[in-house]
Amino acid sequence: MKWLSLAFVVALLALASATLLVVALLGALSLTAAENNFESSLDELHRDLYHEFAKVHRNQNFVFSPLAVQMALGILRSCMADESESAKELDIRARFRPRTVQQINSDFNRFLSQSIGDESLKIINKLYVNDKSSNEPYYELTPSADFVKFVASTSDMNRWLKSQVANLDGQLNAVIFNSIIYNAAWTSPFQKRNTEKNKFYLHDNGHVLTNIMQHDLTTFEYADLGCLGLNAEAVKLEYSGSDISMLIILPKTYDGLPQLEHKLQFTTIADIKNDLEHRPILVNLPKFSIKIEEDMIPILKSLSIQRIFEDAQLTHLRQGAGKVWIEKFIHKTAIHVDEDGTIANSTHVGIAPGEDEILSFNAIHPFYFAITNSEDAVMFAGHVVNPLL
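With mature numbering (1 follows the signal peptide of the UniProt record, and there is no 0) applied, the sequence shown corresponds to residues -34 to -1, 1 to 355, in that order.
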């Protein structure tokens, strides 16, 4: 299999999946950032959310999609009047900044237009309203006709969406559906012949035996992050045919992940990637799969996002509808990482021993990972504390 990850979110109810196949279904959509820097805004939300996920899943693997979550919240924001208290709260807490609906949608459309050129990345956004006479979407953004066709052909998903809308009781409610799919191959794949059982060390000084992938000596982008005040090192593994890559940040001590995660709250993805340099390096990485279904309401409330769960003030959705609030916000994410991803025009570069200093990047203890593009937009992030969990 390829690198696989999925994410689903529901505002009121939503779903998602991500994977090298990366899929994300969530509750809404957004785009905003200071000085039109959507990626900077997204990175801030990524760090806010990551901190909360890490507290909840300290001893568990996890993965989530900050892009999907912000998109879900962005759809909600687009339905609010700029002067409403709910809008002001999302502008600050969801890192949209004080911007108009038009500016938010402009940033969103810019990102979508850039992604359309990448055939490996598919995005769809829909808002379904609880209308007893119809299940047709009230609000829909569909950058890829092919992906719309793909979704429409998935009968299970159609039945699920209809059941969610049909089961909404009480006053006006809505289902916000956001899906992000990334399907690509490693530019420089791991060879299955090199994978073998080996020790992965846990934070409590124990260990487990698991499949460790070993990459042949190759040039990757690498950095020692000591200059950023992080007792860690990083490597970037690229995917073929796009500007998307996986960034892995490895503490230099087996029990160093909590300290690293604390410092990552104050360190941008851009700062880390700016330190990367091409180096000949041996990379060891465990195969891992993570599935998680998270109730986002406690996490969002911990970020002081409260009003959408009480009175979202979605006046642009329907005038005079009375109170509308988010009853459920579920983020379901899965990711799978293994050796596959070989392609014919691989840019794998062999390095003969002795040409340069040879480094080893041994991810055989807990580490952080993220999937980002060249503009530092964080699509997925998480940590691995035990690849067997």
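A virtual CB, placed ideally from N, CA and C, is assigned to each residue, including glycine.
Lysine 294 burial status per 10 Å Cβ neighbour count (16 or more: buried) = What you label residue 294 is simply residue 328 of the sequence shown in a count that begins at 1. Buried, by the Cβ-count rule.
ask   = Which first and last residues belong to the alpha helix (DSSP H) in which serine 44 is found?
value = Residue mapping note: residue 44 aligns to position 78 of the sequence shown, counting from 1. Element bounds for serine 44: 32 to 44.
inquiry  = Using a 10 Å radius around the Cβ and a threshold of 16 neighbouring Cβ atoms, would you call serine 340 buried or exposed?
reply    = Walking along the sequence shown from the start, residue 340 turns up at place 374. Exposed, since its Cβ has fewer than 16 Cβ neighbours within 10 Å.
ask   = In chain order, what residues of the same chain lie with their CB nearer than 6 Å to the CB of threonine 308, ignoring the 5 residues before and after it?
value = Indexing the sequence shown from 1 puts residue 308 at position 342. Reliability fails at threonine 308, whose pLDDT of 28 lies under 50, so the model's placement of it is uncertain and the value that follows must be treated cautiously. Closer than 6 Å at Cβ, skipping near neighbours: Pro155.
key: Contacts around alanine 20, its chain only, beta-carbon distance under 6 Å, and the 5 residues preceding and following it disregarded   = As a working note, residue 20 is residue 54 in the sequence shown. These residues qualify, in order along the chain: Glu227.
CA-to-CA distance, threonine 281 to methionine 347, given in whole angstroms = The residue labelled residue 347 in the question sits at position 381 within the sequence shown. The residue labelled residue 281 in the question sits at position 315 within the sequence shown. What sits at residue 347 in the sequence shown is alanine, not methionine. Taking the straight line joining both Cα atoms gives about 33 Å.
ask   = Considering lysine 21, what are the terminal residues of the beta strand (DSSP E) in which it resides?
value = Numbered from its first residue, the sequence shown carries residue 21 at position 55. Looking at the DSSP string, lysine 21 is not in any beta strand (DSSP E); the run it does join, the alpha helix (DSSP H), is 4 to 22.
ask   = Would you call the segment 209 to 223 and the segment 259 to 276 touching, i.e. three or more CB-CB distances under 8 Å?
value = no
Buried versus exposed, by CB contacts within 10 Å (16 or more), leucine -4 = Counted from its first residue, the sequence shown places residue -4 at position 31. Since pLDDT at leucine -4 reaches only 32, below the 50 mark, its modelled position is unreliable, and the value read off the structure follows with that caveat. Its Cβ being crowded by 16 or more others within 10 Å, leucine -4 is buried.
ask   = What three-state label does DSSP hand phenylalanine 74 in the structure shown?
value = Locating residue 74 in the sequence shown gives position 108, counting from the first residue. Of the three classes helix, strand and coil, the one that applies to phenylalanine 74 here is helix, per DSSP.
message = Output needed for leucine 355: all residues of its chain with C-beta closer than 7 Å, excluding positions within five of it in sequence on either side, in chain order.
response = Here the question's residue 355 lines up with position 389 in the sequence shown. Cβ neighbours of leucine 355 beyond the five flanking positions: Gln26 and Asn27.
query = Is valine 344 helix, strand or coil when you go by DSSP?
reply = To locate residue 344, count along the sequence shown from 1; it is residue 378. Valine 344 falls in the strand class under three-state DSSP.
query = Opposite serine 255 in the DSSP bridges: which residues?
reply = Walking along the sequence shown from the start, residue 255 turns up at place 289. Looking at the DSSP assignment, serine 255 forms a beta bridge with His302.
request  = With DSSP as the reference, label histidine 297 as helix, strand or coil.
outcome  = Along the sequence shown, read from residue 1 onward, the residue named residue 297 stands at position 331. Residue state, collapsed to three classes: strand.
inquiry  = Here's the rule: buried if 16 or more other CB atoms are within 10 angstroms of the residue's CB, otherwise exposed. What is glutamine 36?
reply    = Here residue 36 refers to the residue found at position 70 when the sequence shown is read from its first residue. So glutamine 36 counts as buried.
ask   = Would leucine 175 be called buried (16 or more neighbouring beta carbons within 10 Å of its own) or exposed?
value = For the purposes of this step, residue 175 is identified with residue 209 of the sequence shown, where counting begins at 1. Its Cβ having fewer than 16 others within 10 Å, leucine 175 is exposed.
key: Where alanine 189 sits in the DSSP three-state scheme   = Taking the first residue of the sequence shown as 1, we reach residue 189 at position 223. Note: alanine 189 maps to strand in three-state DSSP.
ask   = Since lysine 202 sits in a beta bridge, which residues does DSSP pair it with?
value = Sequence index remark: in the sequence shown, residue 202 carries index 236 (1-based). Lysine 202 pairs with Glu187 and Leu213.
key: As assigned by DSSP and simplified to three states, the class of lysine 98   = In the sequence shown, residue 98 corresponds to position 132, counting from 1. Because lysine 98 carries a pLDDT of 47, less than 50, the predicted location of this residue cannot be relied on, and the following value inherits that uncertainty. If DSSP states are grouped into helix, strand and coil, lysine 98 belongs with coil.
ask   = Between threonine 66 and isoleucine 296, what straight-line distance do the alpha-carbon atoms span, to the nearest angstrom?
value = Within the sequence shown, the letter at position 100 stands for residue 66. Within the sequence shown, the letter at position 330 stands for residue 296. C-alpha separation (whole angstroms): 27 Å.
key: Cα-Cα separation between lysine 266 and arginine 76, rounded to whole angstroms   = Within the sequence shown, the letter at position 300 stands for residue 266. Within the sequence shown, the letter at position 110 stands for residue 76. As written in the sequence, residue 266 is leucine, which differs from the lysine given in the question. The alpha-carbon atoms of leucine 266 and arginine 76 are separated by roughly 26 Å.
ask   = Once you ignore the five residues that flank glutamine 180 on each side, which residues in its own chain have a CB closer than 6 Å to its CB?
value = Looking up residue 180 in the sequence shown gives position 214. Asn160 and Asn250, listed in sequence order.
request  = List the endpoints of the continuous beta strand (DSSP E) containing serine 270.
outcome  = As a first step, residue 270 must be located in the sequence shown, where it is residue number 304. Neither: serine 270 is in no beta strand (DSSP E) and is coded neither H nor E.
inquiry  = Check this for me: beta carbons of isoleucine 256 and valine 344, under 9 Å apart or not?
reply    = Indexing the sequence shown from 1 puts residue 256 at position 290. Indexing the sequence shown from 1 puts residue 344 at position 378. Going by C-beta atoms, isoleucine 256 is not nearer than 9 Å to valine 344.
query = For lysine 229, which residues from the same chain have a beta carbon less than 6 Å from its beta carbon, with the 5 sequence-adjacent residues on both sides left out?
reply = The count along the sequence shown starts at 1 and reaches residue 229 at position 263. Excluding sequence neighbours, lysine 229 sits near Leu196.
task = Determine which residues share a DSSP beta bridge with threonine 338 and list them.
result = Translated into positions along the sequence shown, residue 338 becomes position 372. Threonine 338 pairs with Ser211 and Val344.
task = May I have the straight-line CA-CA distance separating proline 109 from glycine 172, to the nearest angstrom?
result = The sequence position of residue 109 within the sequence shown is 143, counting from 1. The sequence position of residue 172 within the sequence shown is 206, counting from 1. Reliability fails at proline 109, whose pLDDT of 37 lies under 50, so the model's placement of it is uncertain and no value is given.
inquiry  = Distance check for arginine 13 and glutamine 231, CA to CA, integer angstroms please.
reply    = Indexing the sequence shown from 1 puts residue 231 at position 265. Indexing the sequence shown from 1 puts residue 13 at position 47. Taking the straight line from one Cα to the other gives about 5 Å.
ask   = Which residue from Ile235, Val29 and Phe333 puts its Cα closest to that of isoleucine 215?
value = Residue 215 sits at position 249 when you count from the first residue of the sequence shown. Nearest of Ile235, Val29 and Phe333 to isoleucine 215, Cα basis: Phe333.
query = If you draw a straight line from the alpha carbon of asparagine 352 to that of threonine 233, how long is it in whole angstroms?
reply = In the sequence shown, residue 352 corresponds to position 386, counting from 1. In the sequence shown, residue 233 corresponds to position 267, counting from 1. In a straight line, the C-alpha of asparagine 352 is about 25 Å away from that of threonine 233.
query = Mapping DSSP to helix, strand and coil, what is glutamine 68?
reply = The residue given as residue 68 occupies position 102 in the sequence shown. Looking at glutamine 68 - three-state DSSP - the assignment turns out to be helix.
task = Can you give me the Cβ contacts of alanine 47 inside the same chain, cut-off strictly under 6 Å, excluding the 5 residues immediately before and after it?
result = Sequence index remark: in the sequence shown, residue 47 carries index 81 (1-based). Thr281.
message = So serine 72 and alanine 151 are supposed to be a Cβ contact under 8 Å. How far apart are they, rounded?
response = Along the sequence shown, read from residue 1 onward, the residue named residue 72 stands at position 106. Along the sequence shown, read from residue 1 onward, the residue named residue 151 stands at position 185. The Cβ separation is near 33 Å, so there is no contact.
inquiry  = Does serine 326 come out as helix, strand or coil in the three-state DSSP assignment?
reply    = Walking along the sequence shown from the start, residue 326 turns up at place 360. Looking at serine 326 - three-state DSSP - the assignment turns out to be strand.
key: Reduced DSSP category for isoleucine 247 - H, G, I as helix; E, B as strand; rest coil   = The residue you call residue 247 lines up with position 281 of the sequence shown. It is a strand residue.
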